[in-house]
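The listed protein sequences derive, respectively, from chains C and D. The opening residue of the first sequence carries number 53 in the working numbering; numbering runs sequentially from there. The opening residue of the second sequence carries number 53 in the working numbering; numbering runs sequentially from there. Glycine included, C-beta positions come from ideal geometry on N, C-alpha and C. Everything numeric in this text was worked out from a predicted model, so none of it was measured. First up is the structure itself, then whatever we jot down about it.
There are 2 protein chains.
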Amino acid sequence: MTTGSVVDLDAVDLFGLTTALVAVPSESHQEAALARIVDERLRLRAPTLSIEAVGASVIARTHLGRDRRVVLGGHLDTVPANGNAVPRVEGDVLHGLGSADMKGGLAILLRLAEELHAEPERARHDVTLAFYECEEVADRFNGLRRIFEERPELLDGDFAVLLELTDAWVEAGCQGVIVFEAHFDGERAHTARPWMGRNAIHRAAEVIARLAAHESETVVVDGLEYRESLQVVRVDGGIAGKHNVVPDSCTVVVGRRFAPCYSPADADAQVRPLLEGADSVEVLQSQPGALPNLTNPLVSAFVDDLGLPVRPKLGWTDVARFASRGIPALNFGPGDPEIAHTAGEQVTRDSIERAYATLARFVGVG
Amino acid sequence: MTTGSVVDLDAVDLFGLTTALVAVPSESHQEAALARIVDERLRLRAPTLSIEAVGASVIARTHLGRDRRVVLGGHLDTVPANGNAVPRVEGDVLHGLGSADMKGGLAILLRLAEELHAEPERARHDVTLAFYECEEVADRFNGLRRIFEERPELLDGDFAVLLELTDAWVEAGCQGVIVFEAHFDGERAHTARPWMGRNAIHRAAEVIARLAAHESETVVVDGLEYRESLQVVRVDGGIAGKHNVVPDSCTVVVGRRFAPCYSPADADAQVRPLLEGADSVEVLQSQPGALPNLTNPLVSAFVDDLGLPVRPKLGWTDVARFASRGIPALNFGPGDPEIAHTAGEQVTRDSIERAYATLARFVGVG
């Protein structure tokens, strides 16, 4: 593609490059085309970095002999399109799937690679740039998980930044998540004589009401307010179209987001009493959070030296994956987290450029 | 098929004939084969009755010039098989789909037709025997509904008996039924920030709990205790497998069985306040009940002259269809109503013979 076309994968400016990346579809499990473009651009424009692939993930690393190594990670995949597959530029606003989550971040990583190649002497740290697959789907597909399993040395480092949407705030740590499926049994009967059976939905009703009425706490960790939550995300009882049968089965799925000072076991112990009355409870998902680690020297160097505002990360992110391996990590990237996964996803030129400037300054090439 | 085979459609004894009828599959919408057998047997063994077909229903009538006409109705169809499609005789017990509901009743009707043909001079009333299709499925398919619409004269009469399973009790009148679907809206959001959305299941929780906790009344009509009920039969909220989305939709289906002294409008007014909080409420089904009419001369002639025990019918039956047309009706037939629609459905020889004897005596051929 030649310079000057609307979608220009050779674009040098971050906004144009982000637009070009949005134009390449990369729904989870279908990132190969985008990974190839990233790989080719890195080989062309940042050839002094070592470049390796694991699945559809691409990892580029400097080897400058610096004391510390910083890992910067951005996922290649997007959620499914929602009428927003085609990028649309209005002035300095880019609309479209993945514009904020997180192709703006990928453009920043590509540009950093090019600067590190062009002016390696300025780099304050060695840098690992991880472009990874399948962040938006079940954890077992996650590209970082796979690299940590198959080639953990590729993600070695002293500090990690995930280019999650934070609107240029530092979002420190992340909350944990645990999801329960509670099942209620019953006995079928004709609804004209319900006392001959046992209504599974009626049995679940008190638990559903208890969960809905639960008021979650806000837990302060390192001065940050982690606002927990408890949400019934699914309820399924009875048989569609069968109005004359007392239902013998009702399933309730409830998700808990918990502050990073608690373990999944703590969260389990907090939620179980609310499920009392269920015949069985299964844990569908359980992931620890990540402490904000604001007193860690590398974290405070990032936050304080760059003068960035800090708030807690409420959703789970891959910072927990680094944290669980002893690598302090935080979330920092362009884009408004509130519009992630919405049809109206967008990112501004300024948001991308400011996030780039911050990261470039931290790395030393800014 | 020759006399003496295990399944003998020429059987004279009621138990053997019931067994033969059970061996002919007749799930709703697939009653044609059974209807043909009924039609042929009537033409062969009760040729002085007029025999007519409407869809897969068969109506046989005497024309003896009696003062009153009694309509006796039995449905041809069964619910779907549940491992019980093949009839099995153990001593004087017949097991199998439709044995009680209601092929025992159909055998009785066939035998009455034959007696009315053989000894018309004994008949106290003119008699209409209605073998009808599609009682076990949605009302719009109901054979009696179709006959009343297309050939109402075929069901003219002064009194009707439906051969529903009553274990040889008179089950008087029937309760009405009304089914509501309540919908709750919400707004999607990421479960890490649920306060950005609105959880439709949480909004429904209070209504579900209110419905589950509701204690229905027992209403006395003509001295009979109609035990009402209110059952949540279906609840469906959220998206299967999506644990990180605050659900934006929850549907609750609730069925009410109400005493026959109330109209559907009365029942609607009783239930609506319990659904307060729903964004929309749709009535999926609404059928009036039938008063027991125990003081009606024909009903009391049946009940008192034959010395039968009486209890209220709690489920909706086609007696309401006759009652709504000014024809007093009651339920009376062999078989235990508690085992209708179960895999263990069965009927005893004695139950069929006693019900036959009662009806034959009422008609005058016993």
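Met-154/D: buried (16+ other C-beta within 10 angstroms of its C-beta) or exposed?
-> buried
Span of the beta strand (DSSP E) around Phe-200/D | Taken as a continuous stretch (DSSP letters only), Phe-200/D belongs to no beta strand (DSSP E), being part of the alpha helix (DSSP H) at 195–202.
Report the three-state DSSP secondary structure of Ser-403/C (helix, strand or coil).
-> helix
Residue from Ala-265/D, Gly-293/D and Ile-291/D whose Cα sits closest to the Cα of Ser-281/D = Ala-265/D
Meets three-Cβ-pair contact criterion under 8 Å: the segment 193–202 of chain D and the segment 106–123 of chain D = yes
Spatially closest choice to Ala-137/D from Asp-318/D, Val-74/D and Leu-101/D, by CA coordinates = Val-74/D
Enclosing alpha helix (DSSP H) for Glu-167/D [first to last residue] = 156–170
Near-chain D residues of the segment 360–383 of chain C (beta-carbon distance less than 8 Å), N- to C-terminal order | Leu-366, Gly-367 and Trp-368
Along chain C, which residues have their Cβ under 8 Å away from the Cβ of His-81/D?
-> Near His-81/D there are no residues of chain C at all, since even the closest Cβ is about 15 Å away, more than 8 Å.
Pairwise C-alpha distance: Asn-134/C and Leu-149/C = 8 Å
Beta-carbon separation (whole angstroms), Thr-387/C vs Ser-403/C, contact threshold 8 Å = The sequence shown places Gly at residue 387/C, rather than the Thr named in the question. Their Cβ separation, rounded to whole angstroms, is 6 Å, which keeps Gly-387/C and Ser-403/C in contact under 8 Å.
As assigned by DSSP and simplified to three states, the class of His-242/D | strand
Reducing DSSP to helix, strand and coil, say where Asp-295/C ends up.
-> The displayed chain sequence assigns His, not Asp, to residue 295/C. Correct three-state label for His-295/C: coil.
DSSP three-state call for Asp-129/C: helix, strand or coil?
-> coil
Residue from Ser-332/C, Ile-160/C, Ala-241/C and Asp-237/C whose Cα sits closest to the Cα of Leu-94/C = Ile-160/C
Any C-beta of chain D sitting closer than 7 Å to the C-beta of Thr-243/C?
-> yes
Cβ distance (whole Å) where Gly-238/C is taken to contact Ser-301/C below 8 Å = 7 Å
Per DSSP, the bridge partner or partners of Asn-383/D = Leu-214/D and Glu-223/D
Compare the C-beta of Pro-340/D against all C-beta atoms of chain C and say whether one is closer than 7 Å.
-> no
Is Gly-126/C close to chain D, meaning its C-beta is less than 7 Å from at least one C-beta of that chain?
-> no
Taking only beta-carbon atoms, is Gln-322/C less than 7 Å away from chain D?
-> no
List the residues of chain D that Glu-390/C touches, going by C-beta distances under 8 Å, in chain order.
-> Arg-245 and Met-248
Classify Arg-308/C as buried or exposed, calling it buried when 16 or more other Cβ atoms lie within 10 Å of its own Cβ.
-> buried
Minimum Cβ-Cβ distance from Gly-228/C to chain D less than 7 Å = no
Taking just the CA atoms, how far does Asp-331/D sit from Thr-218/C?
-> 35 Å
Taking Cβ positions only, does Asn-251/D come closer than 7 Å to chain C?
-> yes
Go through its chain and collect everything with a Cβ distance to Phe-193/D's Cβ below 8 Å, but skip five positions before and after it.
-> Ser-80, His-81, Glu-185 and Cys-186
Starting from Glu-258/C, find everything on chain D with Cβ-Cβ shorter than 8 Å and list it in chain order.
-> Ala-261 and Ala-264
Going by CA-CA distance only, name the one from Val-304/D, Pro-340/D and Gly-290/D that's closest to Asp-318/D.
-> Pro-340/D
Own chain residues within Cβ distance below 8 Å of Ile-260/D, not counting five before or after | Val-284, Val-287 and Val-304
According to DSSP, residues forming a beta bridge with Gly-249/D = Note: Gly-249/D sits in no beta bridge, so no partner.
Just confirm the distance between the C-beta atoms of Ala-342/D and Ala-375/D, as a whole number of angstroms; I'd bet it's less than 8 Å.
-> 4 Å
Please check if any C-beta of chain C sits within less than 7 Å of the C-beta of Pro-325/D.
-> no
Quick one: residues in its chain with C-beta nearer than 7 Å to the C-beta of Asn-296/C, no 5 flanking neighbours on either side, listed in chain order?
-> His-242 and Thr-243
In or out: Thr-100/C buried (at least 16 other Cβ within 10 Å) or exposed?
-> exposed
Would you tell me roughly how many angstroms separate the C-alpha atoms of Leu-326/C and Glu-233/C, rounded to the nearest one?
-> 12 Å
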